[in-house]
């Protein structure tokens, strides 16, 4: 079996009018998701999350919730074969700034929880969003 693909990403949010809005980005295949990408050799998951967010959205991270880490495991087709993939997600607040998408993405949207749930196509991403929204609603960040 081929090695597991390691990725890192974040559920990125901002506060607008006292409520949380989440940033979703749409890839070239039309799927809406959170910023994420491969962990480079010798790179920590935390560093990869910051780098990938900056590369994919142009945004820098503000505070990262220290007690909120989620790991998603699934299989992806890469180089013609199915491979296991693990993505480590953190909950992070975006610093103010304008979204500037990478060439890998076609659109971005800041939206509330209900809007994000409608856009996200994968059940594991919707579950991740619900957990993040509950954390923010509990006032822990």
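Residue numbers (the working numbering): 60 to 200. Glycine included, C-beta positions come from ideal geometry on N, C-alpha and C.
Buried is the label assigned to residue 108, since at least 16 other Cβ atoms lie within 10 Å of its Cβ. Going by C-alpha positions, residue 131 is about 12 Å away from residue 185. Two segments are said to touch when three or more pairs of C-beta atoms, one from each, lie closer than 8 Å; by this definition the segment 145-163 touches the segment 104-122. In this structure, the alpha-carbon of residue 69 lies about 16 Å from that of residue 176. In this chain, the beta strand (DSSP E) harbouring residue 66 covers 64-75. By the neighbour-count criterion, in which 16 or more other beta carbons inside 10 Å mark a residue as buried, residue 135 falls on the exposed side. In this structure, the alpha-carbon of residue 62 lies about 43 Å from that of residue 77.
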